[in-house]
Amino acid sequence: MISVHGLRKHYKVHKRPPGLKAALRSLFHRTYTSVKAVDGISFDIRPGERVGFLGPNGAGKTTTLKVLSGLLHPSEGEVRVDGHVPRLREEAFLKKIMLVMGQKQQLLWDLPPAETFELNRAIYDVPTLQYKQTLDELVGLLEIGDLIGKPTRQLSLGERMKCELAAALIHRPRVLFLDEPTIGLDVSMQATMRTFIKDYNEKYGATLILTSHYMDDVAALCPRVIVIDKGLLSYDGSLEALVQRVRPEKRVVLRLSEEVDASRLEPLGKLVTHEAGTAVLQVKQDAVNATISRALSGLPVTDLTVENAPLEEVMSELFAENKARRLQAAESVPA
Amino acid sequence: MNARGLLRALPTMLRVSFAESVAYRAEMFVWVLSTTMPLVNMVLWMAVAKSAPVGNFGQADFVGYFLATFAVRQLTSAWAAWLINWEVKQGTLAMRLLRPISPLWGYASDNVAGFPMRVVVALPVVLLSIALVGADKAVPQHAWQWGLFLVAVLGGWAITFLANVAIGALSLFLDSSQKMMEVWMVLFFVCSGYMYPVEFLPEGLRTVIDWLPFRYQMGLPVELMTNAHDLPTALGLVARQWAWVLGMGALAVGLWKQGVKRFAAFGG
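Quick note, the sequences are listed as chains C and B, same order. Under the numbering used here, think of the first position of the first sequence as 1, with each following residue one higher. Under the numbering used here, think of the first position of the second sequence as 1001, with each following residue one higher.
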């Protein structure tokens, strides 16, 4: 469905120091630097896959999504989405895709969302019957029946985002690019959005690429993740395998009926946190069973769970590893 | 988008754009006030012509001319350059580019949608003009004059809109093209017949202005509305106007297509 080979996107950026002198100098002489937003990444995505696109700020995630949706022309490389070259922005291609950006909106600000839906119906040439079915379904699933008649500017962020998602799906895109779709939403709204996106993917077999800084989004939606950092691809595989590679240890969470001294917990594993009747231990995978037995027999345990390390920690560790590798590589280059 | 799809989409686009244009009633009122410059010019030139006519213009001619200018301005104005500059700077052009229809149709629809409201503003002024100076100095008198006047109004709007698109598209090459639009507007005020009839200009300068687009944005429709030309002259001027429409169209579309390739879609 999506194939990306050797994609590069470099920007020419005008650079000048602050101050009046520099401002005046820039009138006559400008210094440009080349920013490598994406620097040679390749991957393939099968139809119906849900892929998380992860990386720190400025890694090149959004740039890649913009190239895939035809907004940006790549500097180099070959990109195809369902057989189309995105930069050509053919009508057939644009009718198959949608890019939802959490920080940009397509809803008409002064009019109710229903007007944007109607506009999209006309622009995407959606047959009336299909439009009615899709709209009924979206209104029901997203619970936006009371909202679509109010001016967009009077909706809360979460309400707006739900309507934004509905507007994006009126033409039932086969490929959905979601760039931070849950940004700024509260926990329950995030969960609603995640459930909806997963249902849409399963019902219509839509291919989905998601970028999000909320790891819960990624964990709930994406069996596969692609990690890019400084424009380079640093991981492509299952989320589970990524966690295993970066943080193979497990977390044993113990809920205790009474206060226990840290000295009784430390022999069981590395004590990560210990507060208010809860202790979190980090233990090697092959030691999990033994740790559980010892904890149950020697401590006042009321509840016990075994978890992976939080994704946020896994990602920070991966980015730190990448950074260290880059520094090492830079140092090894002879001056 | 193909022509059939476009024809199907346009009525909804126009309806939605119209709904947007009337969302703020106070803003509309302020906009109408901002287009009253011809009325000020009318009073000034009437004072000048009080003792003797200026060229072929007596006081009644000035009333007819500037009330026609007011009406034509309502029907031919466009503001796409401002919108394009804003959307390029904010990155919101991205949302238009994602749709399977050229953003230029969207901008055109936004501009045309205000038409009914502007006709509502212009119509009483035209009726007032008829009452003050008589129909022969206020509106076309024959069917061919009405036909050419309407073609010229459409041509005037098209040049204004396409010039807006061309200048707006320059913001994709430069950081901003707002100042260029201001320069265009100054030239428009001086050369179009908006401030004074172009026949007041010296012969040599008038020849130059006849080859520039500005007169065809404003002066020509006003001249046709006030019956200033015979049929052969009117046809020649309308032909020249539409040559400008085609030229400006080619320039605007060319700049737009090249510019979009450079769109950086900043912000988000």
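C-beta atoms are modelled at their ideal positions from N, C-alpha and C, and glycine is treated no differently. Quick caveat, the model's predicted, so the values are computed rather than measured.
Taking a C-beta distance under 7 Å as the contact criterion, Ile-170 (chain C) and Asn-201 (chain C) do not qualify as a contact pair. Taking C-beta atoms as the reference points, Val-218 (chain C) and Gly-52 (chain C) count as a pair closer than 7 Å.
With a minimum length of 4 residues, the unbroken runs of alpha helix (DSSP H) contained wholly in the segment 143-189 of chain C fall at 157-169. With respect to the 7 Å criterion, Pro-112 (chain C) and Lys-150 (chain C) are classified as neighbours on the basis of their beta carbons. For Thr-1012 (chain B), the closest alpha carbon among the candidates C:His-5, C:Ile-123, C:Leu-108 is that of C:Ile-123. For Trp-1211 (chain B), the closest of B:Val-1153, B:Lys-1261, B:Gly-1247 by C-alpha to C-alpha distance is B:Gly-1247. Identification of residues in the segment 213-240 of chain C having a C-beta nearer than 7 Å to some C-beta of chain B yields an empty set. Taking the Cα positions, Gln-1258 (chain B) is about 9 Å away from Phe-1173 (chain B). Taking C-alpha positions only, Arg-1096 (chain B) is separated from Ser-1102 (chain B) by approximately 8 Å. Closest by C-alpha distance to Phe-1018 (chain B), out of B:Ala-1122, B:Met-1180, B:Val-1112, is B:Val-1112. According to DSSP, residue pairing for Arg-80 (chain C) in a beta bridge involves C:Ser-3.
Annotation: the continuous beta strand (DSSP E) that includes Lys-250 (chain C) extends over 250-256. As summarised for the segment 86-136 of chain C, the continuous alpha helix (DSSP H) elements at least 4 residues long and confined to that stretch are 91-94, 113-123, given in chain order. Glu-1020 (chain B) belongs to the set of residues whose beta carbon lies under 7 Å from a beta carbon in chain C. Within chain B, the C-beta atoms nearer than 9 Å to that of Lys-95 (chain C) come from Pro-1100, in chain order.
Annotated as distal: Phe-1062 (chain B) and Trp-1082 (chain B), with beta-carbon spacing of 7 Å or more. Three or more pairs of CB atoms, one per stretch, sit closer than 8 Å, so the segment 1071-1088 of chain B contacts the segment 1160-1177 of chain B. For Lys-1257 (chain B), there are no neighbours in chain C by C-beta distance under 8 Å, as the nearest C-beta there is about 11 Å away. Sorting C:Ala-166, C:Val-126, C:Glu-313 by C-alpha distance to the C-alpha of Lys-95 (chain C) places C:Val-126 at the top. Ser-75 (chain C) places its beta carbon less than 7 Å from that of His-10 (chain C). Within 10 angstroms of the beta-carbon of Val-1186 (chain B) lie fewer than 16 other beta-carbons, which makes it exposed.
In terms of Cα proximity to Thr-1076 (chain B), the closest of B:Lys-1089, B:Arg-1118, B:Glu-1087 is B:Arg-1118. Residue pairing for Lys-12 (chain C): DSSP places it in a beta bridge opposite C:Ser-34. Inclusion of Phe-177 (chain C) and Ser-69 (chain C) in the CB contact set at 7 Å is warranted, their separation being smaller than that value. Here Ala-220 (chain C) is not near Arg-247 (chain C), since their CB atoms are 7 Å or more apart.
Under the 10 Å beta carbon count, Asn-1056 (chain B) is surrounded by fewer than 16 other beta carbons and is classified as exposed. Assigned with DSSP and collapsed to three states, Arg-1004 (chain B) falls in helix. In the DSSP assignment, Tyr-214 (chain C) falls outside any alpha helix (DSSP H) and carries neither an H nor an E. If you look at Val-227 (chain C), you'll find it in the beta strand (DSSP E) that goes 224-229. For Phe-43 (chain C), DSSP records a beta bridge to C:Val-4. Close to Ala-1009 (chain B), with beta-carbon spacing below 8 Å, are these residues of chain C in chain order: Ala-122, Ile-123, Asp-125. For the pair of segments examined, the segment 309-318 of chain C was found to touch the segment 243-259 of chain C: the number of CB pairs separated by less than 8 Å reaches three. Interface criterion not met: the Cβ of His-29 (chain C) is under 7 Å from no Cβ in chain B. Against chain B, the beta carbon of Met-1 (chain C) has no neighbour under 8 Å; the closest one sits roughly 18 Å away. The alpha-carbon of Met-1218 (chain B) is positioned some 23 Å away from that of Val-1253 (chain B). A direct Cα-Cα distance of roughly 53 Å separates Ile-209 (chain C) from Ala-1239 (chain B).
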